[in-house]
Amino acid sequence: MTPVSDAGEVAVIERVRPRDVVLFAITAAALAAAPWMLISAGSDPVAYRNATGGDSEAPIWLGVVVPLVPLLVWSGIKAYHLTRRPVAAIAGPGGIRLFSEDSGGMYARFREPDVDLPWEEVERVVVWRLRTRPAWLFPAWESRVGVEKTTDRYGVTQRGPTEAQRRSREARPDGSPVRLGSMLNSRSVRLSPRGAVRIAEAAARFAPGVEVADERFHGRSETLGPKPSRDRRTY
48 MTPVSDAGEV
58 AVIERVRPRD
68 VVLFAITAAA
78 LAAAPWMLIS
88 AGSDPVAYRN
98 ATGGDSEAPI
108 WLGVVVPLVP
118 LLVWSGIKAY
128 HLTRRPVAAI
138 AGPGGIRLFS
148 EDSGGMYARF
158 REPDVDLPWE
168 EVERVVVWRL
178 RTRPAWLFPA
188 WESRVGVEKT
198 TDRYGVTQRG
208 PTEAQRRSRE
218 ARPDGSPVRL
228 GSMLNSRSVR
238 LSPRGAVRIA
248 EAAARFAPGV
258 EVADERFHGR
268 SETLGPKPSR
278 DRRTY
């Protein structure tokens, strides 16, 4: 279900991700080519060995439909949730709320927030990258936005990271960078950097003292801020 924002609050809507633009393009191309592939395949039967070891027959065109249907369903679910304009974050005078995904990569968001904090408890908002391994094959990175609290500790006995930890490129077992706080991942949701810019604009309005930082890349920390208003007299 879609979270509801009150009047005066800024709702950050999740946008289509670059990898899903590619997925939708592949799906559209496959759908356009499907009639030609079905006609070319024909309806002649082909023999194959079934799961029980026996011989069976099926029309050749079934080999086109079998991979096409999961692709259409997968893309269709993503597109459906995107049309519902999933709210990933809400920032307002009272604080910030972050909503996690209901299912992996499908854009649906829970109605109840994972993070619900007043600005007084927020040290900074951080956009960072979580290292993942899709299908356990190769490393990938997922953009996330999280909140560091004013009372956070880097570890059990540490208030903040050491210089060696700040310079480290290593990741914890949960995929979060060692150079960032250990509690950050537990207060983070998947969200694009564009969404973090929207949060920065809201923070500048409601909580000017709260920093919104881009910590996606090692050795490069950038403070995000509202986009400058355009001067209509300049082009």
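Throughout the sequence shown, residue numbering follows the numbering used here, covering 48 to 282 in sequence. Where a beta carbon is used, it is the ideal one built from N, C-alpha and C, also for glycine.
Between the CA atoms of residue j and residue i - distance to the nearest angstrom
i	j	result
G242	A260	12 Å
I107	L231	52 Å
M153	V203	35 Å
D163	E189	22 Å
I86	V63	33 Å
T281	E258	Because T281 carries a pLDDT of 38, less than 50, the predicted location of this residue cannot be relied on, and the following value inherits that uncertainty. Their Cα atoms are separated by approximately 30 Å.
G266	A218	14 Å
V113	W166	51 Å
L109	L177	39 Å
R277	A251	Low confidence applies here, because R277 scores a pLDDT of 44, under 50, leaving its location unreliable and the question unanswered by this model.
P208	E262	14 Å
A98	E248	58 Å
Residue i burial status per 10 Å Cβ neighbour count (16 or more: buried)
i	result
T245	Per the sequence shown, residue 245 should be read as Arg rather than Thr. Buried, because 16 or more other Cβ atoms sit within 10 Å of the Cβ of R245.
R279	Low confidence applies here, because R279 scores a pLDDT of 39, under 50, leaving its location unreliable and the question unanswered by this model.
T74	buried
V68	exposed
A138	buried
P65	exposed
Proximity below 8 Å, CB of residue i to CB of residue j
i	j	result
E195	E159	no
E61	L238	yes
L145	A155	no
R206	S215	no
A187	T197	no
A105	P92	yes
For residue j and residue i, believed in contact at Cβ under 8 Å, the rounded distance
i	j	result
A58	V134	5 Å
L129	A77	About 19 Å separates the two Cβ atoms, so there is no contact after all.
(request) Would you list, in sequence order, the uninterrupted alpha helix (DSSP H) runs of no fewer than 4 residues that lie entirely inside the stretch 200-234? (result) 210-214
(message) Report the start-end ranges of each alpha helix (DSSP H) in the stretch 95-133 that is 4 residues or longer and not cut off at the edges.
(response) 109-130
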